[in-house]
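Reviewing the structure listed below.
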Amino acid sequence: MFFYSSFLSEKTPTAHNLKKIISSYFETPVSIIEFYKKWIPIPTNELMVLSIRNKNNKFLGKNIFFGKKICNTHDTLCLVLGPLNYQEYKKNFPGSKMQTSFKNIISLYVGAGYDVEIKVLLKLEERPLLCFDYQKQFSLGWDTWL
């Protein structure tokens, strides 16, 4: 990590430098989607009800929102890894050491103020064929698709 100390010492993290750090440290192709749209549910106790009896004036879009969730694009990044071969893809399953390393480096560089989603892409030709065999362990949605 000493090699990346110049990036880590900057006051403002940039997507370009994060891409450089991740792609060179893990030796994998990376792209970053800034201002990534994420829907955030509004807690039930914070939902507003419009009524005539309510003496406080509320304005739609200003201090009251329509719906049970709001769209947030301010503090979310999406890190897209790949396309990777099947062995590299399996190393990046949720909960793996590689995912933990990614999250640690990202939080070290970006800080706690951002939410980062990691998407891993598999090369199409590397996609395993689905076969029903008790000796092979597949996980639906992770390494098999319908």
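Residue numbers (my numbering): 918 to 1063.
Beta carbons: idealized from backbone N, C-alpha and C, even for Gly.
Buried or exposed: which applies to leucine 1046, given that a residue is buried once 16 or more other Cβ atoms fall within 10 Å of its Cβ?
-> It is exposed - the Cβ of leucine 1046 has fewer than 16 other Cβ atoms within 10 Å.
Indicate the three-state DSSP secondary structure (helix, strand or coil) for isoleucine 1022 in the structure shown.
-> The three-state reading of DSSP puts isoleucine 1022 in helix, counting H, G and I together.
Based on the DSSP secondary-structure assignment, which residues constitute the bridge partners of leucine 998?
-> DSSP, once it has assigned bridges, lists Val947 and Val1037 as partnering leucine 998.
How many angstroms separate the CA atom of lysine 936 from the CA atom of histidine 991?
-> The straight-line gap from Cα to Cα measures roughly 19 Å.
Measuring CB to CB, does isoleucine 939 end up less than 9 Å from isoleucine 959?
-> No, Cβ-Cβ distance for isoleucine 939 and isoleucine 959 is not below 9 Å.
Do glutamate 1034 and tyrosine 953 have their CB atoms nearer than 9 Å?
-> A Cβ-Cβ contact shorter than 9 Å links glutamate 1034 with tyrosine 953.
With burial defined as no fewer than 16 other Cβ atoms inside 10 Å of the residue's Cβ, what is the status of leucine 994: buried or exposed?
-> Here leucine 994 is buried. Its C-beta has 16 or more other C-beta atoms within 10 Å.
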